[in-house]
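Q: Following this note's numbering from start to finish, the first sequence increments by one per residue and tops out at 1570.
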Amino acid sequence: MLKIYNTLSRSKEIFKPRVKGKVGLYVCGMTVYDYCHIGHARVMVVFDTVARYFRYCGYDLTYVRNITDIDDKIINRANENGEDFLPLTERFIDAMHEDERALSVLPPDQEPKATQFMPDIINMIETLVKKELAYIGTNGDIFYSVSRFAGYGKLSGKNIEYLQAGERVDVDTAKKDPMDFVLWKMAKPDEPFWQSPWGNGRPGWHIECSAMSTCCLGNHFDIHGGGMDLQFPHHENEIAQSEGATGEKFVNLWMHNGFVRIDEEKMSKSLGNFFTLREVLKKYKSAEVIRYFILTSHYRSPLNYSEQQLDDAGSALTRLYTALRDVEIKNVPIDKVYEQRFKEAMDDDFNTPIALSVLFDCVRELNTAKKDKKQDKIDSLATTLHQLAGIIGILQRNPKKALEAGFRWLKVTSHLEQEYNLDTDEKIQQHIDKRLAAKKNKNWASADKIRDELKEQGIVLEDVADGTIWRRE
RNA sequence: GGCUGCGUAGCAAAGUGGUUAUGCAGUGGCCUGCAAAGCCAUCUACGCCGGUUCGACUCCGGCCGCAGCCUCCA
1098 MLKIYNTLSR SKEIFKPRVK GKVGLYVCGM TVYDYCHIGH ARVMVVFDTV
1148 ARYFRYCGYD LTYVRNITDI DDKIINRANE NGEDFLPLTE RFIDAMHEDE
1198 RALSVLPPDQ EPKATQFMPD IINMIETLVK KELAYIGTNG DIFYSVSRFA
1248 GYGKLSGKNI EYLQAGERVD VDTAKKDPMD FVLWKMAKPD EPFWQSPWGN
1298 GRPGWHIECS AMSTCCLGNH FDIHGGGMDL QFPHHENEIA QSEGATGEKF
1348 VNLWMHNGFV RIDEEKMSKS LGNFFTLREV LKKYKSAEVI RYFILTSHYR
1398 SPLNYSEQQL DDAGSALTRL YTALRDVEIK NVPIDKVYEQ RFKEAMDDDF
1448 NTPIALSVLF DCVRELNTAK KDKKQDKIDS LATTLHQLAG IIGILQRNPK
1498 KALEAGFRWL KVTSHLEQEY NLDTDEKIQQ HIDKRLAAKK NKNWASADKI
1548 RDELKEQGIV LEDVADGTIW RRE
């Protein structure tokens, strides 16, 4: 029985799809004017894990994650670069897809872009104007009249009375009320625009998500997600727009993931304290450490970024992959006890830290089974581990290759570098063979020297029954 | 000012009204030519002060500290 925390009710609720066996999930994606940072990676990984789990549970899921490809920041960045906004957004959409693949994030079923939904956006605004929920401001922009929508604030728990509009930002004098927000912005000279009944312009940020989500999933759908910071005003405004326009309930369940922090402070573009995924991958060989790191905390908790934590993630993955290194994944039934424990963890609002702890318990039992040479048990547990880990998108690489590659780019500054010349696996193997020969002659001093010197260069050797295997630290 | 949420061992991170979370790190042992990996054992906990209770890290109240939203942000 799957329970999910609903921001709307501030409690965990038993998940009931609108239509039996089907789920519609919409997640607010990226505004594409820069590379993805670790905060974006978290949204992608969290909702990818949610999507994978729904499918594992047998739901027919439609997962929609939008792309905001027109807004003020995109226009500003394009101007700074002296380019048109289109090549800019195309470039960063490609980059985002690369990052997504690196994180083992499966593509959503639909990835609507704001610029592709102009007719629907304009239709929705027209409806809102017709219903007198929106009006034309003194500058020609169209605004949503917040006071005309009963229940504004129900998602974020805000009371309009106490909101201090204009405290940090000057109130736009074109509005009737400081709380009102823009639906359609008139284009200034040299800005990209689309034609509308109110003149050439572009949509406000919030309306695109109302239009795209209802077009892709219907007026009323199951789950809407995104980062905590979107709760207010973005998602609050989406509710006002969608419910105002359609007259139907918009979304049953709202999910919001916590922030990534740096030194106990929110990572954000505006604070400038962010690391892009690309930067982090200059230190770590595989984005799997980042995915693992994200899964070590519950999706609603804050997640403090540090290299120490990514190193620990690498160590943990080493243990997991090591357990699978010398076994075969067979087509055998998986262990029901571990599957049940794993399911219970995930059913409890996607508790991935517990789910991971189940995997480690499975690893221990698997390692013991190996020691005791219980082949049936080994087959069953190895398959269980591999399959359950797959549900949360980890541990799907070839274990031997993953371990030989290692998880971190080590800076080796050893004087041995020239002498050993370890730039290919074959060359590493030559040194190992040399050591095996020394071992055969019981020339321990020589064998140990090779092992120590390889270790100095980040290569760890393990002598096993039928030879020597290696991995990178 | 209004509204959220958090405070767990060396680090990270779950959870529970009484019984081992888990990972990394540490210590002791087994294994090993010696290691590594693995297995076994083990040390460090629940911000502070009250209250409820046979019993609270877990519930209630107060206090302190931290983060977030009320502006664009995942």
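We put the beta carbon where it would ideally sit given N, CA and C, even for glycine.
Check whether the segment 1125 to 1144 and the segment 1253 to 1260 touch, using three or more Cβ-Cβ pairs below 8 Å as the test.
A: No: fewer than three Cβ pairs fall under 8 Å.
Q: Going by alpha carbons, who is nearest to V1161 out of R1174, K1531, A1452 and S1307?
A: In the first sequence, residue 1161 corresponds to position 64, counting from 1. Nearest C-alpha to V1161: S1307.
Q: Comparing the CB of Y1132 with every heavy atom of the ligand MN, is any distance shorter than 8 Å?
A: As for the ligand MN, it is missing from this structure, which has no ligand bound.
Q: Beta strand (DSSP E) containing P1300: first to last residue?
A: What you label residue 1300 is simply residue 203 of the first sequence in a count that begins at 1. G1298 to P1300 is the span of the beta strand (DSSP E), which, as asked, contains P1300.
Q: Would G1490 and R1149 qualify as a contact pair, given that the criterion is a beta-carbon distance under 9 Å?
A: Position 393 of the first sequence, counted from the first residue, corresponds to residue 1490. Position 52 of the first sequence, counted from the first residue, corresponds to residue 1149. Going by C-beta atoms, G1490 is nearer than 9 Å to R1149.
Q: Distance, Cα to Cα, T1565 vs E1516?
A: As a working mapping, residue 1565 is identified with position 468 in the first sequence. As a working mapping, residue 1516 is identified with position 419 in the first sequence. T1565 and E1516: Cα-Cα distance of roughly 21 Å.
Q: Counting C-beta neighbours from all protein chains within 10 Å, is the total for R1265 16 or more, i.e. buried, or is it exposed?
A: Along the first sequence, one-based indexing puts residue 1265 at 168. Bear in mind that the predicted position of R1265 carries a pLDDT of just 49, short of 50, making it too unreliable to give a figure here.
Q: Pop quiz: E1376 and N1370 are said to be a contact at Cβ under 8 Å. What is the actual Cβ separation, rounded to whole angstroms?
A: The residue labelled residue 1376 in the question sits at position 279 within the first sequence. The residue labelled residue 1370 in the question sits at position 273 within the first sequence. 12 Å between Cβ atoms; not a contact.
Q: For the alpha helix (DSSP H) that contains N1464, what are its first and last residues?
A: Stepping through the first sequence from its first residue, residue 1464 is reached at position 367. Counting along the chain, the alpha helix (DSSP H) containing N1464 begins and ends at T1449 to K1468.
Q: Nearest to S1242 by CA position, among K1272, L1252, G1250 and S1253, is which residue?
A: In the first sequence, residue 1242 corresponds to position 145, counting from 1. Closest option to S1242, Cα to Cα, is K1272.
Q: DSSP on Q1405, reduced to helix/strand/coil?
A: The residue you call residue 1405 lines up with position 308 of the first sequence. Looking at Q1405 - three-state DSSP - the assignment turns out to be helix.
Q: Between the Cα of N1334 and those of C1125, I1304, K1539 and K1119, spot the shortest distance and give me the residue it belongs to.
A: Mapped onto the first sequence, residue 1334 falls at position 237. Per the Cα distances, I1304.
Q: Report the partner residues of Q1207 according to the DSSP bridge assignment.
A: Locating residue 1207 in the first sequence gives position 110, where the first residue counts as 1. Paired residue(s): V1161.
Q: In its own chain, which residues sit with a C-beta less than 6 Å from the C-beta of Q1484, not counting the 5 before and 5 after it?
A: Working through the first sequence from its first residue, we reach residue 1484 at position 387. Closer than 6 Å at Cβ, skipping near neighbours: I1431.
Q: Excluding sequence positions up to five away, which residues of its chain have a Cβ less than 8 Å from the Cβ of D1476?
A: Start at 1 with the first residue of the first sequence, and residue 1476 comes out as number 379. Excluding positions up to five away in sequence, the list reads V1424, E1425, K1427 and V1429.
Q: Which class does G1263 belong to by DSSP, given the choice of helix, strand or coil?
A: The residue given as residue 1263 occupies position 166 in the first sequence. Summary for G1263: the model assigns pLDDT 49, below 50, so the residue's position carries little reliability; its value from the coordinates is reported in the next sentence. If DSSP states are grouped into helix, strand and coil, G1263 belongs with coil.
Q: Am I right that L1519 and Q1554 are in contact with their C-beta atoms under 8 Å? What's the rounded C-beta distance?
A: If you number the first sequence from 1, residue 1519 lands on position 422. If you number the first sequence from 1, residue 1554 lands on position 457. That belief holds up - the Cβ atoms of L1519 and Q1554 are roughly 6 Å apart, short of 8 Å.
Q: Which runs of the alpha helix (DSSP H) spanning at least 4 residues fall entirely within the segment 1113 to 1165, listed in chain order?
A: As far as the segment 1113 to 1165 is concerned, its whole alpha helix (DSSP H) runs of at least 4 residues are 1135 to 1153.
Q: Counting beta carbon pairs with one atom in the segment 1205 to 1222 and one in the segment 1246 to 1254, are three or more of them shorter than 8 Å?
A: Verdict: no, contact absent.
Q: Is the segment 1388 to 1396 close to the segment 1406 to 1425, with three or more CB pairs under 8 Å?
A: These segments touch.
Q: Throw me the rounded Cβ distance for the T1165 and T1128 pair, which I believe falls under 8 Å.
A: By 1-based counting over the first sequence, the position of residue 1165 is 68. By 1-based counting over the first sequence, the position of residue 1128 is 31. Contact holds; Cβ gap of about 4 Å.
Q: Look at the alpha carbon of A1231 and the alpha carbon of W1291, and state the distance between them as a whole number of angstroms.
A: Taking the first sequence and counting its residues from 1, the one referred to as residue 1231 is at position 134. Taking the first sequence and counting its residues from 1, the one referred to as residue 1291 is at position 194. If I take the Cα positions, the gap works out to 19 Å.
Q: Which residues does DSSP pair with F1278 in a beta bridge?
A: Translated into the one-based positions of the first sequence, residue 1278 becomes position 181. For F1278, which the question treats as bridged, DSSP gives the partners Y1241.
Q: DSSP on Y1102, reduced to helix/strand/coil?
A: The residue you call residue 1102 lines up with position 5 of the first sequence. Strand at Y1102.
Q: Quick check on K1108: does DSSP put it in helix, strand or coil?
A: In the first sequence, residue 1108 corresponds to position 11, counting from 1. Contrary to the premise, residue 1108 reads as Ser rather than Lys in this sequence. Of the three classes helix, strand and coil, the one that applies to S1108 here is strand, per DSSP.
Q: Jot down the residue ranges of each uninterrupted alpha helix (DSSP H) in the segment 1479 to 1526, minimum 4 residues, whole runs only, in chain order.
A: Those alpha helix (DSSP H) runs which fall completely within the segment 1479 to 1526 and span 4+ residues are 1496 to 1502 and 1514 to 1517.
Q: List the endpoints of the continuous beta strand (DSSP E) containing T1623.
A: In the structure displayed, the chain extends from 1098 to 1570; residue 1623 sits before or after that span and is not available.
Q: Using 8 Å as the Cβ pair cut-off and three pairs as the minimum, do the segment 1111 to 1124 and the segment 1310 to 1325 touch?
A: Segments in contact, yes.
Q: What's the gap between the Cα of L1200 and the Cα of M1193?
A: Looking up residue 1200 in the first sequence gives position 103. Looking up residue 1193 in the first sequence gives position 96. Approximately 11 Å between the Cα atoms of the pair.
Q: Would H1137 and L1374 be called neighbours here (beta carbons separated by less than 9 Å)?
A: Walking along the first sequence from the start, residue 1137 turns up at place 40. Walking along the first sequence from the start, residue 1374 turns up at place 277. Contact flag set, yes.
Q: Can you tell me whether F1318 is helix, strand or coil according to DSSP?
A: Along the first sequence, read from residue 1 onward, the residue named residue 1318 stands at position 221. Strand, per DSSP.
Q: Could you work out which residue in K1552, R1438 and V1142 is closest to L1507 when comparing CA atoms only?
A: Indexing the first sequence from 1 puts residue 1507 at position 410. Of K1552, R1438 and V1142, the residue nearest in Cα terms is K1552.
Q: Should the segment 1287 to 1301 be regarded as contacting the segment 1221 to 1238, the criterion being three or more beta carbon pairs within less than 8 Å?
A: Taking 8 Å as the limit for Cβ pairs, the verdict is that the segment 1221 to 1238 does touch the segment 1287 to 1301.
Q: Taking the CB atoms as reference points, tell me whether L1069 and L1378 lie closer together than 9 Å.
A: With the chain represented from 1098 up to 1570, any question about residue 1069 goes unanswered, as that position is not in the structure.
Q: Only counting the same chain, and skipping five residues up and downstream in sequence, which positions put a Cβ closer than 8 Å to that of L1421?
A: Your numbering for residue 1421 matches position 324 in the first sequence. Here the set comprises A1479, L1482, H1483, L1492 and P1496.
Q: Within a Cβ cutoff of 7 Å, which residues of the same chain sit near D1168, ignoring the five residues on either side of it in sequence?
A: The residue you call residue 1168 lines up with position 71 of the first sequence. Excluding sequence neighbours, D1168 sits near T1128 and W1302.
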